[in-house]
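Okay, structure first, notes after.
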Ligand code: AMP
């Protein structure tokens, strides 16, 4: 159980100022911290207990277990033991369909773009929730060890993660009760762990070679003025040390005259052989030869493997990773001579042959592999966390805005100007116009949140741009600019460009918004995504209909002499019909009614146009006389 400090006077929980660094891995996860006495990063836990398998077991009573205990259920209860949840984050069922069968648990088939769901004991979970269980476990682990409540963290993600995968990771952190100060790229964290990039004057190009159990990533980074830029990434999400084990298992089967299909058919035998293969592989990282014994189908067999043979076996896999490296170098438009440092990450970089081949590929005598390759990412996350906690004043790191900022447009829609996770300071603008002829004022309402309708978001402020000179609807050009400074203070500027009329206000976006509020808003946005989309498209249709009604009324009013009484009556009826239907929330009916009105008015709109052109030509003629 976690020991948490409680203020007995007012019952409040003492939150620590400590910020933890989390490596949320596909196979394993770790949590790390910087020791404030010697300023060194370390992973939390005893030697064998630092690594937390990223496995979640959910029992029949929906009790959740994470880590080693959960892993022990992997074979016996595969349908309710979730592993590799990181592969599902921010992905839809369609994205994963080709691999769906390789997961031992049930991915719910779905042909939409929504994030995939997992069904366990008849209950539906999404990957954000499942990841949050791992993060909560790591948070509790840190709290138990440190004896204080932890509320803030930095979490790492692969450099190739897209925005939705990054947001999903951030949301998982929120759900776990963590204020995620920063999402950091894993290769950036690994470089930081080696102290690369901590000196602001440093300018370097780095290759980060990350070979884990089931994934391979190569990232080329450039560091300049303390900013890490990803130049290119490449890799294979299904290549890693587990493939080394498989080649050894296959080799031994042939050596012992056994059929691999027979072994695979017996889950327990296969598992035993796989574990022996891994044991041999690890042994060969230290010694030139492995010998052992194995019992398969009640028969005992002697096993042996020379390092040399092992290297031949894994050569095609290592070659494959080097091909990816070559592609990453090509994409970054660099030669290996331009790489200053190579950083090794992931348990499989302990294999000597891997180190040798990587050194040769990058033409280096030495690569950065002194730190524990399982821990480097977490250690780097802790260093970044330490910087963000304000413990290293010499380094300035940019922050991001937690929620999107935007304004209300017609139909009560949220129009995002600065998206969430934008770096601070940040500035962005967009042009708007009026919807009514002669409109002299424009109300600008500023909102914060992720939902499509402003009514579901949080209002930050409102002001009116006045004295817009009278112009027909659509003619004024109103530039609305959001300027968010490094402290998260928002300034909104509105300028009518034709006349120069201007208004500026200051808004403090995060005032009064607790972490819980942010969490609730993000959760609501996720849960309501589909309903929001419908609401948005209904609101857009209604706005369009209102515009059509306005234009048609104007048409009839200004051109009564050109229209027959019948046409006027027919148009008025169609307008009334559309007005009535707009009160209902039936998008299709609104579209049908709007089409009918357009159909009726089109012929005389053309007639009016012809008349106007005729007049213009007549005028021109007179002019030239
Ligand atoms: P990771 O996904 O980074 O935790 O890496 C796990 C992979 O590293 C697994 O395939 C392990 O078998 C492998 N591994 C762990 N220790 C060693 C070692 N001493 N030598 C070679 N591979 C290892």
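Residue numbers (the working numbering): 80 to 704.
Each residue gets a CB set at the ideal place from its N, CA and C atoms; glycine is no exception.
Quick caveat: nothing in here was measured; it's all calculated off a predicted structure.
Is it true that the CB of residue 124 sits closer than 8 angstroms to the CB of residue 292?
no
With distance defined between alpha-carbon atoms, name the residue in 642, 656, 672 and 659 nearest to residue 685.
642
Are residue 136 and residue 117 closer than 8 angstroms when you measure CB to CB?
no
Within the stretch 428-504, note down every full beta strand (DSSP E) run reaching 3 residues or more, in order along the chain.
484-488 and 492-497
Segment limits, beta strand (DSSP E) that includes residue 521:
521-527
Out of 395, 172, 348 and 99, which one is the CA nearest neighbour of residue 256?
99
Rounded straight-line distance, which links the Cα of residue 285 to that of residue 555:
51 angstroms
Drop a sphere of 10 angstroms on the beta-carbon of residue 513, count the other beta-carbons inside from all chains shown, and report buried for 16 or more, exposed for fewer.
buried
Span of the beta strand (DSSP E) around residue 121
120-122
Between residue 208 and residue 148, which are expected to be in contact by the criterion C-beta below 8 angstroms, what is the C-beta distance as a whole number of angstroms?
In fact, because the Cβ distance is near 19 angstroms, the residues do not count as touching under 8 angstroms.
The ligand AMP and residue 357: does any heavy atom of the ligand fall closer than 7 angstroms to the residue's C-beta?
yes
Please find out if some non-hydrogen atom of the ligand AMP comes closer than 7 angstroms to the beta-carbon of residue 360.
yes
By Cβ distance, which residues of its chain are closer than 7 angstroms to residue 701, with the 5 residues on each side in sequence left out?
Note that residue 701 has pLDDT 33, beneath the 50 cutoff, so the model's placement of it is unreliable and the number below is only indicative. Here the set comprises nothing.
Beta-carbon within less than 6 angstroms of residue 167's beta-carbon, same chain only, minus the 5 sequence neighbours each way: which residues are those?
195 and 206
Quick one: is residue 150 buried, meaning 16 or more other Cβ sit within 10 Å of its Cβ, or exposed?
buried
Rounded to whole angstroms, what is the Cα-Cα separation between residue 309 and residue 315?
17 angstroms
Can you give me the start and stop residues for the alpha helix (DSSP H) that residue 618 sits inside?
608-637
With distances taken Cα to Cα, identify the nearest neighbour of residue 515 among 529, 553, 539 and 542.
553
Would you list the residues sitting across from residue 202 in a DSSP beta bridge?
199
With distances taken Cα to Cα, identify the nearest neighbour of residue 441 among 297, 678 and 682.
297
Could you pull out every unbroken beta strand (DSSP E) segment of at least 3 residues lying fully inside the stretch 358-388, listed in chain order?
368-375 and 378-385
In the DSSP assignment, find the beta strand (DSSP E) that holds residue 557 and state where it starts and stops.
557-563
Neighbourhood of residue 186 by C-beta distance below 7 angstroms, restricted to the same chain and skipping five residues each side:
172, 175, 179, 195 and 197
With a threshold of 16 other CB atoms inside 10 Å of the CB of residue 452, please say whether the residue is buried or exposed.
buried
Host beta strand (DSSP E) of residue 647 (start-end)
Unbroken run through residue 647 is the alpha helix (DSSP H), 644-661; no beta strand (DSSP E).
Let's see if you can read the secondary structure: which residues bound the beta strand (DSSP E) around residue 108?
107-113
Between residue 639 and residue 627, how many whole angstroms is the CB-CB distance? I'm expecting something under 8 angstroms.
Contact doesn't hold; Cβ gap of about 19 angstroms is too wide.
Who are the near neighbours of residue 346 in its chain, counting only those whose CB is closer than 8 angstroms to its CB and skipping five residues on each side?
154
Local conformation of residue 665 per DSSP, three classes
coil
Which of helix, strand or coil does DSSP assign to residue 578?
coil
Which runs of the beta strand (DSSP E) fall wholly inside the stretch 199-243 and span at least 3 residues, in chain order?
202-204 and 231-236
contact_flag[the stretch 236-255, the stretch 383-402] where n(CB pairs < 8 angstroms) is 3 or more
no
For residue 582 and residue 576, the rounded distance between their alpha carbons
12 angstroms
At the level of alpha carbons, what is the spacing between residue 539 and residue 418?
47 angstroms
Can you list, in chain order, the residues of its chain with a C-beta nearer than 7 angstroms to that of residue 212? Leave out the 5 residues immediately preceding and following it.
135, 143 and 145
Kindly confirm or deny that the stretch 267-281 and the stretch 457-466 touch, where touching means at least three C-beta pairs closer than 8 angstroms.
yes
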